[in-house]
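Just below is one structure, and these are the notes that go with it.
There are 2 protein chains.
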Amino acid sequence: MMASDIHHRTQDFIKLYPVVLRDLKEVYGTQASDVLITVSSGTGALEAATSNFFSKGDKVVVCCAGKFGERWVELASAYGLNAVVLKAEYGDAVSPGRVETALKENPDARGVMFQASETSTGAAHDVKAIAEITREAGALCIVDAITGLGTMPLDIDGWGLDIVVGGSQKAFMIPPGLAFISVSPKAWEMNQTANLPRLYFDLKREKKMAAKGESSWTPNTSLILALAEALKYIKEIGMDKLVENAQLLARATRLAALELGLELFAPNSPSASVTAIRAPKGMDSGEIVKGFRNQFGSVIANGQGTMKGQIFRIAHLGYFDFADLFAMVAELELILHTKGLPVKFGRGVAAVQNVYAESALAKETVPA
Amino acid sequence: MMASDIHHRTQDFIKLYPVVLRDLKEVYGTQASDVLITVSSGTGALEAATSNFFSKGDKVVVCCAGKFGERWVELASAYGLNAVVLKAEYGDAVSPGRVETALKENPDARGVMFQASETSTGAAHDVKAIAEITREAGALCIVDAITGLGTMPLDIDGWGLDIVVGGSQKAFMIPPGLAFISVSPKAWEMNQTANLPRLYFDLKREKKMAAKGESSWTPNTSLILALAEALKYIKEIGMDKLVENAQLLARATRLAALELGLELFAPNSPSASVTAIRAPKGMDSGEIVKGFRNQFGSVIANGQGTMKGQIFRIAHLGYFDFADLFAMVAELELILHTKGLPVKFGRGVAAVQNVYAESALAKETVPA
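Those sequence lines, one after another, are chains A and H. According to my numbering, the first sequence is numbered sequentially starting from 1. According to my numbering, the second sequence is numbered sequentially starting from 1.
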């Protein structure tokens, strides 16, 4: 981010942008799909996923397992799509079986929209199974992977993920302001007849501009420069290693929570991007969030909406590593102790250490 | 450091520099002394402390408890001073009693030079006691506090510390390139007759320039800007809090080391700027340093000179906090475990957590 800014219509930018798009595609791990950048938050790219492939009145199946699932519902409603909403209780995921039933009952459904990881509850969907069912039904598989990319395996070509949305500030570890969207050949086909209104998020236009090494709209060039660096770093580490890291951290966090007598909010389909933990009985989770911030300057998230006060959430994406987690769990132990809970110092940390010690990481070295 | 650079002879700089000098003096905690900046590493300011107050052949007492003590010996020798060297074994400090005896045996000694904290061994000198003895003998009390400032109490006016040297990259938490030196009225008096050669490090000249809001030589203006910010931050936290933080971290580190069955290198006069720990029998401390770096990207120091391979050193100055230490100790436990030592995960971390829980920090909040 410290490099000098460059103007987005200059030769410098035109040289850099195709490299960024190529690296982004490599990191996404797809040959068949195009990967485009939108100058927006992740929600902008979710809107692009909604407005570029359907026509008014088209039926879509929407899996809704939390606040971000509700965003799909809002988008479908705003664009006049006929949404069949499969709701899961907060903390649960929508099972592939329910998607299969919905698609059998609605053979005219043209798309299935869901979150890879529902960040508001810490629950993950079975992306591979839902994608398979969706493909067999001939519908478009649309995945919000804003927190899923880099924290869970996502085989775009192998599993048939037609649209995969990512955001700059999550696994890509740069400030918010850019979002990413992969588009499969099947999605481009549907794009030809899709009549929903779109301009800023017109992906066909974006693809044409990208082919010329440009973007449709003025991008935050300093973010593009930062993205270029972030992509280099991710390629060096390897996307699979990034995913493995998040999975290990998530598992270690779950084991530490259980060791401390805490209850997981999404025990059956836990996400690797974030772990949601229930506050102990009679305690507001906001107190725990405040404890982290005020005592240690550490940032964890409270629950959103009705989950506020009930749960707290620890993220595992991007730069988070075991050193962070050792400290976070030690801090959590101290906070619970301060609140009068019977905590044996170091017990949760030991659970994390055990996961580390048993992992391949314990035998490896980090890049210099 | 990200602010635009400003030229050092411009009005902007002339406005900023006196503020920096005033804040530096406030953070040093002295009314009576001047505090000046040298554009050099800390060693440059140690040289200034040697060359500005003595004449050729003057006798000085030098306490030498490690690599940095040896630097005082070299400087005294280079400038033709007659040094009475009081050597301590590595890991020990020179006792005030030995200084007292030396000054009685050498009533013509004009100065006493020592390290507040000998970073190479993790041993600290009893600054207050040595200063008192030195003052009574009428000699100049010269303290290398490059790692001592911000990690131990140093009452410049109350204890009679005539010269106190600090460096930018330690407690001041900015990159290396600037050093600091306080000069008492008694030192200025001796400066009038001191005939050792000096120009770049001429403190009288520096004082004159500082009075005009300038520095004698071209300073790295971006470092001055960074220093301005660092001083604001330290003033906000409070120097006493910074010292208290380092003292707590050092104590917690010592207790954790003992809990893990390790031996401290300087058990009798431990420094709060760095804790030196002996490697377990038959193990090269370099392996531990490598383990931190390669497994976790954490930086600790090996021993220097003959202590290389024997000890490893964990720093406590500046930005280091309990979150860092929770992680460092968890990492140390894992490294020792990997090396086949019988380690109970979380046991050292618990020692750190106990120090935290019993401290005032556990009841306080960090500034937003």
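C-beta atoms are modelled at their ideal positions from N, C-alpha and C, and glycine is treated no differently. As the structure is a computational prediction, the values presented were derived from the model and not from experiment.
In summary, A/G346 is buried, with 16 or more beta-carbon neighbours lying within 10 Å of its beta-carbon over all protein chains present.
Within the stretch 336-353 of chain A, the residues whose Cβ lies closer than 7 Å to some Cβ of chain H are H337, T338, F345, G346, R347, V349, A350, Q353, listed in chain order. Among the CB atoms of chain H, none fall inside 8 Å of the CB of A/F53. With a 10 Å radius around the Cβ and a threshold of 16 neighbouring Cβ atoms, A/P185 comes out exposed. Taken in chain order, the unbroken stretches of alpha helix (DSSP H) that lie wholly in the stretch 156-244 of chain H and span 4 residues or more are 156-159, 185-193, 203-211, 221-237. The contact set of H/F322 on chain A, defined by CB atoms closer than 9 Å, consists of Q295, F296, A327, A330, E331, L334 in chain order. H/Y356 has a beta carbon lying within less than 8 Å of a beta carbon in chain A. H/A137 has a beta carbon lying at 8 Å or more from every beta carbon in chain A. A/G309 is bridged by DSSP to nothing; it lacks a bridge partner. Against chain H, the CB of A/A362 has a partner CB under 8 Å away; the residue lies at that interface.
A/N268 counts as exposed, since fewer than 16 other C-beta atoms from the protein chains shown sit within 10 angstroms of its C-beta. Take H/S117, set aside five residues on each side of it, and the residues of its chain with a beta-carbon closer than 8 Å to its own are A123, A124, H125, A145, T147, G148, T151, M152, S271, A272, S273, V274, in chain order. Ranked by Cα distance from H/K170, the options H/T193, H/R110, H/K87, H/F320 are led by H/F320.
Around the beta carbon of A/K25, a 10 Å sphere encloses 16 or more other beta carbons of the protein chains shown; the residue is thus reported as buried. If you check the CB distance, H/N52 and H/N191 come in under 8 Å. Scanning its chain for C-beta atoms nearer than 8 Å, with the 5 sequence neighbours on each side dropped, one finds around H/A109 the residues K59, V60, V61, V84, A102, L103, A137, A139, in chain order. When rounded, the separation of the alpha-carbon atoms in H/V99 and H/G177 is 32 Å.
Taking H/A48 as reference, the option from H/V352, H/W217, H/L203 with the minimal CA-CA separation is H/L203. Taking every protein chain shown into account, the CB of H/L199 has fewer than 16 other CB atoms within 10 angstroms, so this residue is exposed. CA-CA distance, A/L249 to A/H316, rounds to 6 Å. Residues of the same chain with a CB within less than 6 Å of the CB of H/G213, apart from the 5 flanking positions on each side, are I14, Y17, P18 in chain order. Cα atoms of H/W72 and H/G66: separation of roughly 10 Å, rounded to the nearest angstrom. A straight-line Cα-Cα distance of about 28 Å links H/I237 and H/S215.
Non-local C-beta neighbours of H/V289 in its own chain, meaning closer than 8 Å and more than five positions away in sequence, comprise I300, A301, N302, F312, ordered along the chain. According to the DSSP assignment, H/T147 belongs to no alpha helix (DSSP H), since it is labelled neither H nor E. For A/A116, the three-state secondary structure derived from DSSP is coil. Relative to the Cα of H/L262, the nearest Cα in the group H/R251, H/Q247, H/R278 belongs to H/R278.
Under the three-state reduction of DSSP, H/G138 is assigned to coil, being neither helix nor strand. DSSP, read as helix, strand or coil, puts H/D324 in helix. A Cβ-Cβ contact shorter than 8 Å links H/F180 with H/V35. In this structure, A/I133 is the residue among A/I133, A/S33, A/L255, A/K241 with its C-alpha nearest to the C-alpha of A/P96.
For H/N302, DSSP records a beta bridge to H/F312. Taking the Cα of A/F322 as reference, the smallest distance to any Cα among A/S41, A/K281, A/T253 is reached at A/T253.
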